[in-house]
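Participant: Quick one: the structure is below, questions incoming.
Protein chains: 4
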Amino acid sequence: MAETSDPKTVPYRKQLLVRFADCDAAGIVFYPRYLEMFNSLVEDWYRDALQFSFTEIVTTRGWGLPTVRLEVDFVAPSVFGEYLSATISVREIGTSSLTLDISFQGPDGSDRVRGKIVLVLIERRKHKAIPIPHDVRRRILKFKAASPNSTRSAALAKKSE
Amino acid sequence: MAETSDPKTVPYRKQLLVRFADCDAAGIVFYPRYLEMFNSLVEDWYRDALQFSFTEIVTTRGWGLPTVRLEVDFVAPSVFGEYLSATISVREIGTSSLTLDISFQGPDGSDRVRGKIVLVLIERRKHKAIPIPHDVRRRILKFKAASPNSTRSAALAKKSE
Amino acid sequence: MAETSDPKTVPYRKQLLVRFADCDAAGIVFYPRYLEMFNSLVEDWYRDALQFSFTEIVTTRGWGLPTVRLEVDFVAPSVFGEYLSATISVREIGTSSLTLDISFQGPDGSDRVRGKIVLVLIERRKHKAIPIPHDVRRRILKFKAASPNSTRSAALAKKSE
Amino acid sequence: MAETSDPKTVPYRKQLLVRFADCDAAGIVFYPRYLEMFNSLVEDWYRDALQFSFTEIVTTRGWGLPTVRLEVDFVAPSVFGEYLSATISVREIGTSSLTLDISFQGPDGSDRVRGKIVLVLIERRKHKAIPIPHDVRRRILKFKAASPNSTRSAALAKKSE
Numbered sequence: 001m002a003e004t005s006d007p008k009t010v011p012y013r014k015q016l017l018v019r020f021a022d023c024d025a026a027g028i029v030f031y032p033r034y035l036e037m038f039n040s041l042v043e044d045w046y047r048d049a050l051q052f053s054f055t056e057i058v059t060t061r062g063w064g065l066p067t068v069r070l071e072v073d074f075v076a077p078s079v080f081g082e083y084l085s086a087t088i089s090v091r092e093i094g095t096s097s098l099t100l101d102i103s104f105q106g107p108d109g110s111d112r113v114r115g116k117i118v119l120v121l122i123e124r125r126k127h128k129a130i131p132i133p134h135d136v137r138r139r140i141l142k143f144k145a146a147s148p149n150s151t152r153s154a155a156l157a158k159k160s161e
Numbered sequence: 162m163a164e165t166s167d168p169k170t171v172p173y174r175k176q177l178l179v180r181f182a183d184c185d186a187a188g189i190v191f192y193p194r195y196l197e198m199f200n201s202l203v204e205d206w207y208r209d210a211l212q213f214s215f216t217e218i219v220t221t222r223g224w225g226l227p228t229v230r231l232e233v234d235f236v237a238p239s240v241f242g243e244y245l246s247a248t249i250s251v252r253e254i255g256t257s258s259l260t261l262d263i264s265f266q267g268p269d270g271s272d273r274v275r276g277k278i279v280l281v282l283i284e285r286r287k288h289k290a291i292p293i294p295h296d297v298r299r300r301i302l303k304f305k306a307a308s309p310n311s312t313r314s315a316a317l318a319k320k321s322e
Numbered sequence: 323m324a325e326t327s328d329p330k331t332v333p334y335r336k337q338l339l340v341r342f343a344d345c346d347a348a349g350i351v352f353y354p355r356y357l358e359m360f361n362s363l364v365e366d367w368y369r370d371a372l373q374f375s376f377t378e379i380v381t382t383r384g385w386g387l388p389t390v391r392l393e394v395d396f397v398a399p400s401v402f403g404e405y406l407s408a409t410i411s412v413r414e415i416g417t418s419s420l421t422l423d424i425s426f427q428g429p430d431g432s433d434r435v436r437g438k439i440v441l442v443l444i445e446r447r448k449h450k451a452i453p454i455p456h457d458v459r460r461r462i463l464k465f466k467a468a469s470p471n472s473t474r475s476a477a478l479a480k481k482s483e
Numbered sequence: 484m485a486e487t488s489d490p491k492t493v494p495y496r497k498q499l500l501v502r503f504a505d506c507d508a509a510g511i512v513f514y515p516r517y518l519e520m521f522n523s524l525v526e527d528w529y530r531d532a533l534q535f536s537f538t539e540i541v542t543t544r545g546w547g548l549p550t551v552r553l554e555v556d557f558v559a560p561s562v563f564g565e566y567l568s569a570t571i572s573v574r575e576i577g578t579s580s581l582t583l584d585i586s587f588q589g590p591d592g593s594d595r596v597r598g599k600i601v602l603v604l605i606e607r608r609k610h611k612a613i614p615i616p617h618d619v620r621r622r623i624l625k626f627k628a629a630s631p632n633s634t635r636s637a638a639l640a641k642k643s644e
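Protein chains in written order, with the numbering used here: chain A, 1 to 161; chain B, 162 to 322; chain C, 323 to 483; chain D, 484 to 644.
This is the structure:
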């Protein structure tokens, strides 16, 4: 608890543009594309904030980081051309697994998508879980949720279960 | 309850081929593509079994059928070239909403993906929920889960929550 | 030349459904998705007609079949829910390369997309061209264009160059 | 000709990251994803350099900018995690149509993809070509190729025809 209440913990934030390619015939984001955005966001977070790129994980080490569970609420539609504010915060970290809260907000700050995903670090050849390296774990902890905002989002996620 | 125990209710089944386009650099299905498969499966079910095609819903009527919630367990990876057995069964039907259990099994019958999705029928212009038409509702009920198999899958889904 | 004028040579044909996932915010097929359809069509042709599946090529043998050149005319838009008639015919076959004419027609028989793609069989590790196996070559020749229809499509492609 | 030899004309340049989602089971960019990158690049160029966003074109004005012809040479594969240098230069501008040279180069400056695409500005409801607005045309001309580099790429494109 001590570490989670560290006032310096912050979520990872990134702006995303809703592209033509993301939208469906109804003119709004096609939901599987949100999941592609989730994946790219996690990819960016690993590379930029955790200094442990997917390229190193997948190509250099022969490991993998599959998503094993996903819960998403599509709260309101996003339209072509909008900028969304994406946020990742860490909910839980186990030996090999990582539970993330991901949310996208519209330009007016209202929620568009709220998700929770569970990732597991594996050795690909044997398809077996392996421990998250210590230095990566230390960096991950900086994003562990403790702010009122993340509590709210945890509460919302709870409610929807 | 009477209607759900109707021994003639059956899930909707379809064979899916894992295509080159579905796989990622790790040689397995990229998870957002599973969600695209979910969407195509629901599209096929609506057209073939419910006789209420997305074309009619979206193009003719100006309605929409957005996915508002999604829970998925990615149990085991699927590789390029495999045929998956996809199954839809109805868990709940509300006035405008529909909760579906979707699962994909590998050629050996083992689970690959187990998901639950909630869809809502809306009038697109006002983005407002509208009642599922009676004849469509009647056809949907034929797929309402009551078999031991679907009970098992509900139990599994429960456990993973 | 004798073999190409074989009256029994026929194009490979397949029906394709324009899915929700294929359409963009303008309600028509997003052009990169046509290329994904091209790829899936070639995948189906290899598996079903040439008995040389991508799985065998890529997974078993460690080979690859990259597209090295592409020319496509997007003649008219296709809308969500339409069935397109897809056709592959062989324009040229070299030692390692294969030039295909691919066309998609709408329900009324009018052209939607006309493309020419060049594929090369390679050994992936060395990224080096390798000869197309004899039995596969023999099956490919059955699809070599000689019919008036394919001549027409070649003429059209010519005109557009 | 005077305007095309304007020494201040420059191509539009952008760095692109090859993402996990872009790669196929062979670990390299799946070619339809290159076309999606083309589309996003054109989208960025219109918004950032031409000040005529797709959102304005598609959503506000009810127009469209379909790609009507495409020629692409996939010169060498790109792998996951690479940064590509993307370049757009204008080859020709007609009343309603625009021919662009698009190329992607790897980190070592070698060509990966060289393409030519033809776009047409249309009024969507009637699916009829409309003239490119004057101010947009003026901005487009700033990207008309006249540099040795673009001549070379035009020559290469020519050779491959």
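Note that beta-carbon positions come from the ideal geometry of N, C-alpha and C, so glycine has one too. All values derive from a computational prediction rather than experimental measurement.
So, at 6 Å on beta carbons, what are the nonlocal neighbours of A/T60 in its own chain, with the 5 sequence-adjacent residues on each side left out?
Facilitator: Your numbering for residue 60 of chain A matches position 60 in the first sequence. Hits under 6 Å: none found.
Participant: By the criterion of Cβ-Cβ separation under 7 Å, what are the contact partners of A/T67 in chain B?
Facilitator: Sequence index remark: in the first sequence, residue 67 of chain A carries index 67 (1-based). Within 7 Å Cβ-Cβ: Y192 and F235.
Participant: Throw me the rounded Cβ distance for the B/R252 and B/K289 pair, which I believe falls under 8 Å.
Facilitator: Numbered from its first residue, the second sequence carries residue 252 of chain B at position 91. Numbered from its first residue, the second sequence carries residue 289 of chain B at position 128. At roughly 24 Å, the Cβ-Cβ gap does not stay under 8 Å, so B/R252 and B/K289 are not in contact.
Participant: Give the single residue among A/D101, A/P133 and A/T95 whose Cα lies nearest to the Cα of A/A145.
Facilitator: Locating residue 145 of chain A in the first sequence gives position 145, counting from the first residue. When each option's Cα is compared against that of A/A145, the closest is A/D101.
Participant: Closest by CA to C/R460, which one among C/P429, C/Q427, C/Q373 and C/L339?
Facilitator: Mapped onto the third sequence, residue 460 of chain C falls at position 138. With distances taken between Cα atoms, C/R460 lies closest to C/Q373.
Participant: Can you check whether the CB of A/A76 is closer than 7 Å to the CB of A/K14?
Facilitator: Taking the first residue of the first sequence as 1, we reach residue 14 of chain A at position 14. Taking the first residue of the first sequence as 1, we reach residue 76 of chain A at position 76. A/K14 is not a Cβ neighbour of A/A76, given a cutoff of 7 Å.
Participant: Going by DSSP in three states, C/S407 sits in which element: helix, strand or coil?
Facilitator: Start at 1 with the first residue of the third sequence, and residue 407 of chain C comes out as number 85. DSSP places C/S407 in strand when its eight states are reduced to three.
Participant: Hey, does A/G109 have any beta-carbon neighbour from chain B nearer than 7 Å?
Facilitator: Here residue 109 of chain A corresponds to residue number 109 of the first sequence, with the count starting at 1. No, because no Cβ of chain B sits closer than 7 Å to the Cβ of A/G109.
Participant: Using a Cβ cut-off of 7 Å, which residues of the segment 206-231 of chain B contact any Cβ in chain A, in chain order?
Facilitator: V219, G225, P227, T228, V229, R230 and L231
Participant: Note down the Cα distance separating D/S636 from D/P494, rounded to an integer number of angstroms.
Facilitator: Numbered from 1 along the fourth sequence, position 153 holds the residue referred to as residue 636 of chain D. Numbered from 1 along the fourth sequence, position 11 holds the residue referred to as residue 494 of chain D. Caution applies to D/S636, whose pLDDT of 46 falls short of 50 and renders its modelled position unreliable; the value that the coordinates give is listed next. If you take the alpha carbons of D/S636 and D/P494, they lie about 12 Å apart.
Participant: What residue range does the alpha helix (DSSP H) around D/D618 cover?
Facilitator: Stepping through the fourth sequence from its first residue, residue 618 of chain D is reached at position 135. H617 to L624 is the extent of the alpha helix (DSSP H) around D/D618.
Participant: Looking only at its own chain, which residues have a Cβ that is under 7 Å from the Cβ of B/D185, when we skip the five neighbours before and after it?
Facilitator: Numbered from its first residue, the second sequence carries residue 185 of chain B at position 24. Only F191 meet the Cβ criterion.
Participant: Under a Cβ-count criterion, where at least 16 other Cβ atoms within 10 Å of its own Cβ denotes burial, should D/T578 be classed as buried or exposed?
Facilitator: One-based indexing of the fourth sequence puts residue 578 of chain D at position 95. Per the 10 Å Cβ criterion, exposed.
Participant: Could you tell me which residues DSSP pairs with B/A290 in its beta bridges?
Facilitator: Numbered from its first residue, the second sequence carries residue 290 of chain B at position 129. In the DSSP output, where bridge partners are listed per residue, B/A290 has B/I283.
Participant: Nearest chain A C-beta to B/A187 closer than 7 Å, yes or no?
Facilitator: Residue mapping note: residue 187 of chain B aligns to position 26 of the second sequence, counting from 1. Yes, because at least one Cβ of chain A sits closer than 7 Å to the Cβ of B/A187.
Participant: Run the CB neighbour count on A/D135, radius 10 Å, all protein chains shown included, and call it buried at 16 or more, exposed below.
Facilitator: Mapped onto the first sequence, residue 135 of chain A falls at position 135. When all chains shown are included, A/D135 counts as exposed.
Participant: Check whether the Cβ atoms of A/V68 and A/V18 lie closer than 7 Å to each other.
Facilitator: Looking up residue 68 of chain A in the first sequence gives position 68. Looking up residue 18 of chain A in the first sequence gives position 18. No, they are not a contact pair.
Participant: In chain order, what residues of the same chain lie with their CB nearer than 6 Å to the CB of D/G547, ignoring the 5 residues before and after it?
Facilitator: As a position in the fourth sequence, residue 547 of chain D is number 64, starting the count at 1. So the list reads I605 and R607, once near-sequence residues are dropped.
Participant: Is any beta-carbon of chain C found at less than 7 Å from that of D/L575?
Facilitator: As a working mapping, residue 575 of chain D is identified with position 92 in the fourth sequence. The sequence shown places Glu at residue 575 of chain D, rather than the Leu named in the question. No, D/E575 does not count as interfacial toward chain C.
Participant: Thinking C-alpha only, which one of A/P32, A/Y83, A/I130 and A/I57 is nearest B/E232?
Facilitator: Position 71 of the second sequence, counted from the first residue, corresponds to residue 232 of chain B. It is A/P32.
Participant: Pull the bridge partners of D/T550 from the DSSP assignment, please.
Facilitator: Counting from one through the fourth sequence, the residue named residue 550 of chain D turns up at place 67. BP columns for D/T550 point to D/L602.
Participant: Flag this pair as yes or no: are the beta carbons of B/K287 and B/T170 separated by less than 7 Å?
Facilitator: As a position in the second sequence, residue 287 of chain B is number 126, starting the count at 1. As a position in the second sequence, residue 170 of chain B is number 9, starting the count at 1. No, the Cβ-Cβ distance between B/K287 and B/T170 is not below 7 Å.
Participant: Give me the residue from C/F402, C/G431 and C/P429 with the minimum Cα distance to B/E217.
Facilitator: The count along the second sequence starts at 1 and reaches residue 217 of chain B at position 56. Of C/F402, C/G431 and C/P429, the residue nearest in Cα terms is C/F402.
Participant: Hey, is C/F360's beta-carbon within less than 7 Å of any beta-carbon in chain A?
Facilitator: On the third sequence, residue 360 of chain C is found 38 positions in, with the first residue counted as 1. So, not an interface residue.
Participant: For the candidate residues C/V364, C/F342 and C/W367, whose alpha-carbon lies nearest to that of B/F215?
Facilitator: The residue labelled residue 215 of chain B in the question sits at position 54 within the second sequence. Checking every option, the nearest Cα to that of B/F215 belongs to C/F342.
Participant: Could you pull the start and end residues of the alpha helix (DSSP H) that B/Y208 belongs to?
Facilitator: Translated into positions along the second sequence, residue 208 of chain B becomes position 47. This sequence places Arg at residue 208 of chain B; Tyr is not what is there. Following the DSSP letters along the chain, one finds B/R208 inside the alpha helix (DSSP H) bounded by residues Y192 to D209.
Participant: Note down, in chain order, every chain A residue with its Cβ under 8 Å from the Cβ of D/A504.
Facilitator: Against the fourth sequence, residue 504 of chain D aligns to sequence position 21. Chain A residues near D/A504: E36, N39 and S40.
Participant: Name, going along the chain, the residues of the segment 599-616 of chain D whose beta-carbon falls closer than 8 Å to a beta-carbon of chain C.
Facilitator: R607 and H610
Participant: Let's test the definition: count the other Cβ atoms within 10 Å of the Cβ of C/G428 and tell me whether it reaches 16, buried, or not, exposed.
Facilitator: What you label residue 428 of chain C is simply residue 106 of the third sequence in a count that begins at 1. Burial call: buried.
Participant: If we count the other Cβ atoms within 10 Å of its Cβ and call it buried at 16 or more, is D/Y529 buried or exposed?
Facilitator: For the purposes of this step, residue 529 of chain D is taken as the residue at position 46 of the fourth sequence. By the 16-neighbour rule on beta-carbons within 10 angstroms, D/Y529 is buried.
Participant: Could you check which residue in B/D183, B/N200, B/I189 and B/E243 has the C-alpha nearest to that of B/I249?
Facilitator: Numbered from its first residue, the second sequence carries residue 249 of chain B at position 88. Of B/D183, B/N200, B/I189 and B/E243, the residue nearest in Cα terms is B/N200.
Participant: If you draw a straight line from the C-alpha of D/L499 to the C-alpha of A/Y83, how long is it?
Facilitator: The count along the fourth sequence starts at 1 and reaches residue 499 of chain D at position 16. The count along the first sequence starts at 1 and reaches residue 83 of chain A at position 83. Roughly 19 Å between the two C-alpha positions.
Participant: Between D/R544 and the ligand ZN, is there a pair consisting of the residue's CB and a ligand heavy atom that are separated by less than 6 Å?
Facilitator: Looking at this structure, you won't find the ligand ZN or any other ligand, since it has none at all.
Participant: If I measure Cβ to Cβ from D/S593 and keep anything under 7 Å in the same chain, skipping five residues before and after, which residues do I get?
Facilitator: As a first step, residue 593 of chain D must be located in the fourth sequence, where it is residue number 110. A559.
Participant: Cα separation between B/I291 and B/V219?
Facilitator: As a first step, residue 291 of chain B is located in the second sequence; it is residue number 130 there, counting from the start. As a first step, residue 219 of chain B is located in the second sequence; it is residue number 58 there, counting from the start. The straight-line gap from Cα to Cα measures roughly 14 Å.
Participant: Between the Cα of A/P37 and the Cα atoms of D/D505, D/L581, D/E526 and D/G545, which residue gives the shortest distance?
Facilitator: If you number the first sequence from 1, residue 37 of chain A lands on position 37. In the sequence as presented, Pro is not what sits at residue 37 of chain A; that position holds Met. Minimum Cα distance to A/M37 is reached at D/D505.
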